[in-house]
Amino acid sequence: MSAVTYDRPIAPPSRLLLLAEGRALWEAAASVAWWPLLRLAPKGDGHAVLVLPGLVASDASTGLLRRYLRYRNYEVHGWGQGRNLGPRPGVEKGMADLLKKLADDSGQKVSLVGWSLGGMYARMLAAEYTGEVRDVVTLGSPFAGSGRATNAWHIYEAVSGRSAEDEALWSQVRPTPRVPTTSIYSRSDGVVAWQCSLEKAGARAENIEVLASHLGMAVHPAVLYALADRLAQPEGRWQPFDGARLGPWIYPRPAERA
673 MSAVTYDRPI APPSRLLLLA EGRALWEAAA SVAWWPLLRL APKGDGHAVL VLPGLVASDA
733 STGLLRRYLR YRNYEVHGWG QGRNLGPRPG VEKGMADLLK KLADDSGQKV SLVGWSLGGM
793 YARMLAAEYT GEVRDVVTLG SPFAGSGRAT NAWHIYEAVS GRSAEDEALW SQVRPTPRVP
853 TTSIYSRSDG VVAWQCSLEK AGARAENIEV LASHLGMAVH PAVLYALADR LAQPEGRWQP
913 FDGARLGPWI YPRPAERA
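Quick note, our numbering runs 672 ahead of the 1-based positions in the sequence shown.
Okay, here's the thing in structure tokens:
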């Protein structure tokens, strides 16, 4: 498998993949049906987890994911800022204040989970507040490549009033956070070009590939299991995810980023 580079522009996902996003309803139903099997994921140690929603979504969109993490013994929090309309005035401060409060109240570092644009926020927070962040997990987040390699860039620009290629924002999200970092992505993502969700694997950074839609990332059983597995790792003893034990039909071998 050849490594992915960014020396050429990456196109947004095809119209066919975008139309296939409707399968997110089936993915949510699969998680409900497989709930007993999802109990096999490791349980957490009770530390705080902050979950950040995607573009134009609110905490309601991550309800199933947060319920599952609570079930696996985490203190889970939504971002509490209504719909995510981009990094408008006050949004970044609101997230930072909440992160610091959760860390202060618990006396522990906080895990950050971000879906799509929420994952870009998570990387921004980890870069600025490394001392308060335990690890970062992003779901279909476009932190690499071009800001317009998605089928949602025009929506982002309309609601946020900012360019999708704002270099000030990209300079904060492109570098790998200095904490354990996992990017969960799908080649069948109909909103974000999957190449834009590839992290450069390293001592504390990895990619996990799943067979999911973009809109189903927060409800897909393979995503939920992998997320629980990642968050359950003891602090300071991070190890890469082992998807081979469950088979390539659930966790295909992830691509490599040059």
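The C-beta atom is built at its ideal place from N, Cα and C for all residues, glycine as well. Fair warning: this is a prediction, and the values are worked out from it, not measured in the lab.
What residue ranges within the segment 811 to 860 form continuous beta strand (DSSP E) runs of no fewer than 3 residues, ordered along the chain? 853 to 857
Using DSSP with H/G/I as helix, E/B as strand and the rest coil, what is Arg680? Translated into the one-based positions of the sequence shown, residue 680 becomes position 8. Three-state DSSP puts Arg680 in coil, outside helix and strand.
Is Gly790 a contact residue of the ligand MN, with contact defined as CB to any heavy atom under 8 Å? For the structure depicted, the ligand MN is absent and the ligand set is empty, with no information on it obtainable.
Please name the residue in Thr677, Ala702, Asp679, Arg680 whose C-alpha comes closest to that of Ala884. Within the sequence shown, the letter at position 212 stands for residue 884. Considering only alpha carbons, the answer is Ala702.
Taking buried to mean at least 16 other C-beta atoms within 10 Å of its own C-beta, is Arg925 buried or exposed? Numbered from 1 along the sequence shown, position 253 holds the residue referred to as residue 925. With fewer than 16 Cβ atoms within 10 Å of its Cβ, Arg925 is classed as exposed.
Touch check for the segment 895 to 908 and the segment 831 to 842: three-plus C-beta pairs under 8 Å? no
What does the alpha-carbon distance come out to for the pair Thr822 and Pro684? What you label residue 822 is simply residue 150 of the sequence shown in a count that begins at 1. What you label residue 684 is simply residue 12 of the sequence shown in a count that begins at 1. Their Cα atoms are separated by approximately 5 Å.
Which residue marks the beginning of the beta strand (DSSP E) containing Glu747, and which one marks its end? Translated into positions along the sequence shown, residue 747 becomes position 75. Run containing Glu747: 747 to 749, per the beta strand (DSSP E) assignment.
CA-to-CA distance, Trp707 to Tyr743, given in whole angstroms: In the sequence shown, residue 743 corresponds to position 71, counting from 1. In the sequence shown, residue 707 corresponds to position 35, counting from 1. In a straight line, the C-alpha of Tyr743 is about 11 Å away from that of Trp707.
Using three-state DSSP, classify Ala873 as helix, strand or coil. Stepping through the sequence shown from its first residue, residue 873 is reached at position 201. Correct three-state label for Ala873: coil.
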